[in-house]
Amino acid sequence: RALLRTTLSRYADVAPRDWRFELGPYGRPSLARGRHASVTLSFNVSHTTGLLAIAVSRTTIGVDIETVERPVEVNLASRFFAPAESAALDALHPSSRPRRFLELWTLKESYAKARGLGLRLPFDGFAFDLDVANRIAFKPERGADRHHAAWSFLLLEPGSRHLCALCCRSDGAPPALACRSMDGPSSEAAGFKLLRTSGTAAH
197 RALLRTTLSR YADVAPRDWR FELGPYGRPS LARGRHASVT LSFNVSHTTG LLAIAVSRTT
257 IGVDIETVER PVEVNLASRF FAPAESAALD ALHPSSRPRR FLELWTLKES YAKARGLGLR
317 LPFDGFAFDL DVANRIAFKP ERGADRHHAA WSFLLLEPGS RHLCALCCRS DGAPPALACR
377 SMDGPSSEAA GFKLLRTSGT AAH
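Those letters in the sequence shown? Residues 197 to 399, by this note's numbering.
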């Protein structure tokens, strides 16, 4: 929580102790509108073994990180993923399936978190196609916002042990991405590797 406060204060003239938060209807935290009505920031937080990610944007954003060392039950794809995703997994060599499962999972989590719905958004109702190298194709759920093309996705590798997915509203413009390694109030540029994108991203 302290790191979130100090991170937000890098982007707005608000002291870390003065940030106030509220929860959405499905538990997603955001800046308290009554207190910070003039601050146009969105944030999202994700953590896993060995890493914490805080994503900050001027538009709606979702982030998810996973460790590639976690056990993966690839057979769960047939229950929780869209049929096309499950079929694409089955078509891969068995040794490649755990990694692809995690890539899809992080992307799905980032989208569900950006939507503010989390796991309440059925993961089999929308799909990602990763068959083209370095690219992310997205098919939204039925009845979703007709402007779904405004969602941009990035798949990153913070290091050899982790995957990170970002989803943000891009309003037709490719997102500019800046990655920093935070250590309390200090920070330094971080060399995240950009693996895939749904568009051309400035990195």
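The C-beta atom is built at its ideal place from N, Cα and C for all residues, glycine as well.
Remark: C-beta atoms of A249 and I261 approach each other more closely than 8 Å.
L390 places its beta carbon less than 8 Å from that of L352.
Collapsing the DSSP output to three states places S356 in coil.
In this chain, P336 is not harboured by any alpha helix (DSSP H), its DSSP state being neither H nor E. Taken in chain order, the complete alpha helix (DSSP H) segments of 4 or more residues contained in the region 260–346 are 273–276, 279–286 and 293–310. Taking all protein chains in view, the Cβ of A333 is surrounded by fewer than 16 other Cβ atoms within 10 Å, so the residue is classified as exposed. F239 is not a Cβ neighbour of A273, given a cutoff of 8 Å. In the DSSP assignment, R216 falls outside any alpha helix (DSSP H) and carries neither an H nor an E. According to DSSP, G258 shares a beta bridge with C363. The bridge partners DSSP lists for H243 are L248. Its Cα nearest to that of T245, the residue P354 stands out among F388, T393, S394 and P354. Taken atom to atom, the span from the alpha-carbon of A251 to that of P212 is near 16 Å. Here DSSP, grouped into helix, strand and coil, assigns R392 to strand.
Non-local C-beta neighbours of S242 in its own chain, meaning closer than 7 Å and more than five positions away in sequence, comprise A249, V259, D260 and I261, ordered along the chain. Taking the C-beta atoms as reference points, R357 is found nearer than 8 Å to E265. Contact check for L359 against T302 passes: the beta carbons are separated by less than 8 Å. A straight-line Cα-Cα distance of about 11 Å links A287 and A280. Boundaries cannot be given for L237, as no beta strand (DSSP E) includes it and DSSP labels it neither H nor E.
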